[in-house]
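Residue numbers (this note's numbering): 435 to 752.
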């Protein structure tokens, strides 16, 4: 069985068939968690406590890039509140950090402390064959920490996953005063938008960003990923480059690979930089391996063509 994550329904010409049980969806996602969402599998059906109640988390994943936990819930029915349930699970996570850390340590055999995780980037993913209009509208804000993914199974064995993307630039902050559960998590969970990251950057640099963004998102294989500190372009869940927004420029870093004791730099991508605009950055990780990046600066649209020539080398290598 093949699994696809798609931005539009590329399999619409194939006849659909139904999932028999939520467990079928759960098993499918857990077996393909890395390939589909680029998450590390930590636990299945993990029980946590919130007040006097116990809650079962269907799947617990971990995002190595953001150093945060991701809770995944599977549904075959439409009569539940995405917002209430999502914030309930996030509240359980925030109030039981030690339990989540212990589960992570037992699974990965690593020795980490709660401070090593970024709890503010915790997220909830809902996966269902269908979502109601009410459910979609309830998360139609730019800064909710939830994702809705519609899953479909086809008669030829293919699976498609399509994300419901919010089309509103409105913040959920204006509605928090009416929801005590949301208010309790204020400041604990942070969702950063592209607007938040670009707010203090000059118009000249933003024109360059608009040109780069427009160019790369024309490629159906490229996705935009917004984190707390930067935006990245990704292809097949692999980062092409990271863009940080500074006052008068874009700082762009291309992850070329890792230097290890066993392989040296054999698997590190070589970037052709004829104009000598790149600076090599080496970050040593706790494992001892070295992260090798090429960093360069984009100030205005005049820098865009050369930036594309550098970025394309990583894009084409994936």
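Just so you know, even glycine gets a beta-carbon here, dropped at the ideal spot from N, CA and C.
Asked                                                                                                                        : Found
Nearest neighbour of residue 606, chosen from 573, 680, 492 [CA to CA]                                                       : 573
Inside the region 519-562 only - beta strand (DSSP E) runs reaching at least 3 residues                                      : 557-562
Burial state of residue 579 (16 or more Cβ within 10 Å)                                                                      : buried
Rounded separation between residue 659 and residue 643 - CA only                                                             : 14 Å
Touching by the beta-carbon criterion (3+ pairs, under 8 Å), the region 594-604 and the region 524-539                       : no
Residues of its chain near residue 446, where Cβ-Cβ distance is below 8 Å and the 5 sequence neighbours each way are ignored : In this prediction, residue 446 has a pLDDT of 43, which is less than 50 and means its spatial position is unreliable; what the coordinates show is noted afterwards. Same-chain partners within the cutoff: there are none.
Collapsed DSSP secondary structure at residue 718 in the structure displayed                                                 : strand
Top-ranked residue by Cα proximity to residue 617, from 718, 522, 734                                                        : 522
Distance CB(residue 731)-CB(residue 737) smaller than 9 Å                                                                    : yes
Exposure label - residue 750; buried when at least 16 CB within 10 Å                                                         : exposed
Rounded C-alpha distance that separates residue 493 from residue 566                                                         : 23 Å
Terminal residues of the alpha helix (DSSP H) in which residue 471 lies                                                      : 467-471
Residues bridged to residue 487 [DSSP beta-bridge criterion]                                                                 : 484
Range of the contiguous beta strand (DSSP E) that encloses residue 659                                                       : 656-660
Reduced DSSP category for residue 457 - H, G, I as helix; E, B as strand; rest coil                                          : helix
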